[in-house]
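To start, the structure itself, in structure tokens.
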Amino acid sequence: MAHIQINNLSREFVNRRKKEREGNGLDYGEKVSVLENINIEVEDGEMVCLLGPSGCGKSTLLRILAGFDKQTSGTVLIDGKEVTGPSSDNIFVFQHSGLLPWMTVGENVELGLRHMEDEQAKKVEIQEYIEMVELDGFEDHYPRQLSGGMQRRAELARALAVNPDILIMDEPFNGLDFLTHMKMREEVVNMHQFLGKTVFIVTHDIDDALIMGDRVVVFSKRPSQVKMNQKLDFPHPRIVFNKQTELSQLRDELFLMLGVSYAV
Amino acid sequence: MMTETHSTLTKNIAPVLSFTVLVLVWEATVRLSGWDTNVLPGPYKVLESMTELIANGSIFKHTVASLFRVTLGFYIAAILGIPLGIILGRSQIASILFSPVISFLRPISPLAWIPLAMLWFGIGDKPAIFLIFLASFFPIVMATTVAVHSINPTYFYVAANFNFSRTEVIQKVVIPAIIPDVITALRLSVAIAWVVVVAAEMIAVQSGLGYLILDSRNGLRMDYVMDGMIVIGLIGLFLDYIMRRLSRIESASWGVKQA
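Here the protein sequences come in this chain order: V and E.
No gaps in the numbering here: position 53 of the first sequence is 130 in my numbering, and each next residue is one more.
No gaps in the numbering here: position 249 of the second sequence is 1051 in my numbering, and each next residue is one more.
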């Protein structure tokens, strides 16, 4: 669990393309502002879902939060301390598989536990996390031998095994088929209720945000600013459609905000 | 099931068939050309002289000499070339410093080094090994550097996220990631090394398959020349087979079935 405070955060990129990219009208060396004065506060153990049009810098924010990228100005404080670089306290779950393909599921999960002295205890713990994501029996499989959904679960197990304060997930359900997506979403909600970690998720799926989030943050188009930041104080399991009118209204509002007039 | 047995059968029979055709064309050429057997010996004569060389053991002596030089030169090239390739791939400063020099030296044919090699190392195994080293070193360095550059950056983020030390990044990310590409590079460069050993042995030494060919030419024994060529071809085939087996090891093949 950790408290995150993002203050006046901005990120600019310098255009390094000599040839003008179709339609963007940028000159070489010109600065592009991606994030502009972002202020977000996340409480301990909150699950935040970040929505926004594509290319608005959601992933950039995650990368800054994880210490993979540096902001141009502003600060990111985690439990009052500034983020200076990557750390195993904040584990990033990648959009495309971040599992190391030359290691088995077991070896991948072991990465976060590799400094444990007691071999026996380590084995037990690896097994525990593999069972948590229901991958028992697949310890010795290589990632390529698993389906997309199983790969995500394996990566989740690896992330949880580190016992991080914050889980940072970049479109974790992207590319999964419909049912796997639903199941995986359920698992993340259960995991969050069970372990109570602070979770920061980027998604483009409004229903994911409404069903999972304790808080939903919406970014505008580039240069991104916070367009909405709302706490979702609804009990789980949430049924977005029809039954919880308040959520349903919020859903219509979000669709409208992201440029869709008639939501299905 | 049916197609499977069929395909393994074709796989085994097809090469035999094509070699048979090769020998038949050879024999036909000998008969139709009307050339003297001293100029173009036929398959039978070559086989006969091969048994002579086997009987007196000289073919083994030469083969072992050649294989020894290739193995040693190739190993030295791999032992120095792969780490250098990794350094050039990982460090921008090293790359800026050394890459131009390597790009300059690389296109110079190893054979151009023969005069210097002989002057520096004299006659014997050393100059030949040096030439084989040169022939395989640069392709290995280049291929390793390219392989390191093409590692998916996500894996380095994962490494940073899990607080990998520098050594761990090399051990757990860089080396396993480049293995499939490096094995391909080794396979190609062992073939180059095998080509070069024959040329090197024609000049700098008194043994080896290259020397056998040169010496037989001087003695006008074209059948021995052809025996030498056949053994070179067979060993080339064998080396390629070994390298291909190497790339099938589980941990080395992660990249093949990916995507």
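Idealized CB from N, CA, C, for every residue including glycine.
Remember, it's a predicted structure, so these values are computed and weren't measured experimentally.
Contact between the segment 222-232 of chain V and the segment 272-284 of chain V is absent: fewer than 3 CB-CB pairs across the two stretches fall below 8 Å.
For V975/E, the chain V residues whose Cβ falls inside 8 Å of its Cβ are L177, in order along the chain.
At least one CB atom of chain E sits nearer than 9 Å to the CB of L188/V.
The Cβ neighbour count for Y339/V, taken over all protein chains shown within 10 Å, is under 16; the residue is labelled exposed. An exposed status is given to D213/V, since fewer than 16 other beta-carbon atoms sit within 10 Å of its beta-carbon. The residues P843 and V848, in chain order, have a CB closer than 7 Å to that of M1028/E in the same chain once the five nearest residues on each side in sequence are set aside.
When the Cα atoms are used, T946/E and I994/E turn out to be separated by approximately 17 Å. Annotation: Cβ neighbours of S164/V in chain E (cutoff 8 Å, chain order): N963 and N965. Residue pairing for L127/V: DSSP places it in a beta bridge opposite V279/V and V294/V.
Assignment of D838/E by DSSP, reduced to helix, strand and coil, places it in the coil class.
With its beta carbon less than 9 Å from one in chain E, I168/V belongs to the interface. Bridge partners of F169/V according to DSSP: I245/V. With 16 or more neighbouring CB atoms inside 10 Å of its own CB, F935/E falls in the buried class.
Closest in C-alpha terms to S1009/E, from the list I856/E, S860/E and M852/E, comes S860/E. Sixteen is the threshold: when 16 or more other Cβ atoms of the shown chains lie within 10 Å of the Cβ of L331/V, as they do, the residue is buried. Against chain V, the CB of P845/E has no partner CB under 9 Å away; the residue lies outside that interface. In this structure, DSSP gives Q894/E a helical state, which the three-state scheme calls helix.
Put simply, the CB of G225/V is far from chain E, with every gap to its CB atoms at 9 Å or more.
Taken in chain order, the members of the segment 138-157 of chain V whose beta-carbon sits within less than 9 Å of a beta-carbon on chain E are R140, A143, G144 and F145. Only residues of its own chain outside the window of five on either side were considered, and among them I203, I207, E216 and D217 have a CB closer than 8 Å to the CB of G183/V, listed in chain order.
In the three-state scheme derived from DSSP, where H, G and I count as helix and E and B as strand, S1018/E is classed as helix. Rounded to the nearest whole angstrom, the C-alpha separation of L899/E and L86/V is 38 Å.
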